[in-house]
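Numbering (mature numbering (1 follows the signal peptide of the UniProt record, and there is no 0)), first residue to last: -23 to -1, 1 to 241.
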């Protein structure tokens, strides 16, 4: 049976997403594919159990504390990534799906994937696989190559990957908002000392809420016991609500991304 030109193109792109050595060379990134199109090629799609998940700390936190998301210099026109070739097919699929979800939510900038056998140019995020490097990313565009850590196992769920990509797009954690003390209480005595920085609050001179209400279930919100040293809560809602990301984009997350990138 003859394949259509469209299917041939899709097959070529799918091959480019797999951690295999293909002869084709690329001078530009390819678009992430919808999960449905990846299903056509029967790529394995399994998420790690919740028990294996670890919490984001944001890389180079102290060095980037001045990089407030208000500053437009840290925003992207083209958000391109290149996954480490060490990721397997399933892991590549999760990265693709996370990027595709963000592309659907934020249509006014371009998203792309540099395949493993390509030589990226311009600004891009290189995603490093490891076993002890955690889940973390600088906040906002730095320029040239910048690195994101997504260890496996531990960070490989679509929600966690989107969380780190949203850091790279320019957002800190929800509980770092200038107005957070109106909504949550940070229980400092229960936090592991080496991770106290992860609960810092940023001033409104550096960051903006963009007028979007606080959301306890934002994809960027810590869970109630993250980084606890004694199994007691580290963050609680003042209204008694449960706190912590539910693993997918909330409408408020999408609103803030669109407002930041003037995608109206």
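The beta-carbon is built from N, C-alpha and C at its ideal position, and this holds for glycine as well.
Check your understanding: Among residues of its own chain, excluding the 5 on either side of residue 23, which ones have a beta-carbon nearer than 8 Å to its beta-carbon?
Key -> Below a pLDDT of 50, predicted positions are generally treated as unreliable, and residue 23, at 37, falls in that range; no measurement from the model is reported.
Review point. Under 8 Å, do residue 201 and residue 213 count as touching if we go by C-beta distance?
Key: yes
Review point. Got a sec? Which residues, its chain only, sit under 6 Å from residue 123 by beta carbon, not counting five neighbours each side?
Key: 102, 115
Practice item. Give me whichever residues DSSP pairs with residue 124 in a beta bridge. Key: 103
Exercise for review: Report the residue ranges of all beta strand (DSSP E) runs contained in full by the region 142 to 229; include only those spanning at least 3 residues, in chain order.
Suggested key: 161 to 163, 212 to 214
Check your understanding: If you draw a straight line from the C-alpha of residue 149 to the C-alpha of residue 181, how long is it?
Key -> 13 Å
Exercise for review: Note down, in chain order, each residue of its chain lying with its Cβ closer than 7 Å to the Cβ of residue 61, except the 5 sequence neighbours on either side.
Suggested key: 104, 105, 106
Check your understanding: Which whole-angstrom value describes the C-beta separation of residue 118 and residue 238, a residue pair presumed to lie in contact below a C-beta threshold of 8 Å?
Key -> About 12 Å separates the two Cβ atoms, so there is no contact after all.
Check your understanding: When DSSP labels each residue in this structure, what does residue 47 get in the three-state scheme?
Key -> coil
Check your understanding: Given a threshold of 16 other Cβ atoms within 10 Å of its Cβ, counted over all protein chains shown, does residue 63 qualify as buried or as exposed?
Key -> exposed
Review point. Shorter than 8 Å from the beta carbon of residue 177 to some beta carbon of chain C?
Key: Going by chain labels, chain C is absent from the structure shown, which holds only one protein chain.
Check your understanding: So, helix, strand or coil for residue 87, using DSSP?
Key -> strand
Check your understanding: Is residue 116 helix, strand or coil when you go by DSSP?
Key -> coil
Practice item. For residue 145, count neighbouring C-beta atoms within 10 Å of its own C-beta (all shown protein chains included) and say buried if the count is 16 or more, exposed if not. Key: buried
**Study point:** Sequence-distant residues of the same chain with beta carbon closer than 8 Å to residue 231, five excluded per side
**Key:** 82, 83
**Study point:** Where residue 55 sits in the DSSP three-state scheme
**Key:** strand
**Study point:** First and last residue of the uninterrupted alpha helix (DSSP H) at residue 73
**Key:** 66 to 82
Check your understanding: Does the distance from the CB of residue 215 to the CB of residue 161 come in under 8 Å?
Key -> yes
**Study point:** Closest residue to residue 7 among 90, 140, 33, 77 (Cα-Cα distance)
**Key:** 90
Review point. Looking at C-alpha atoms only, which residue of 185, 196, 55, 5 is the closest neighbour of residue 94?
Key: 5
Review point. Got a sec? Which residues, its chain only, sit under 8 Å from residue 236 by beta carbon, not counting five neighbours each side?
Key: 187, 188, 189
Review point. How many Å lie between residue 127 and residue 113 at the Cα?
Key: 7 Å
Point to revise | Beta-carbon gap between residue 9 and residue 76 smaller than 8 Å | key: yes
Exercise for review: Using 10 angstroms around the beta-carbon of residue 209, count the other beta-carbons present and answer buried if the total reaches 16, otherwise exposed.
Suggested key: exposed
**Study point:** Beta-carbon proximity of residue 196 to residue 143, cut-off 8 Å
**Key:** yes
Review point. From this set, 78, 183, 191, which residue's C-alpha is nearest residue 147's C-alpha?
Key: 183
Point to revise | Exposure label - residue 218; buried when at least 16 CB within 10 Å | key: exposed
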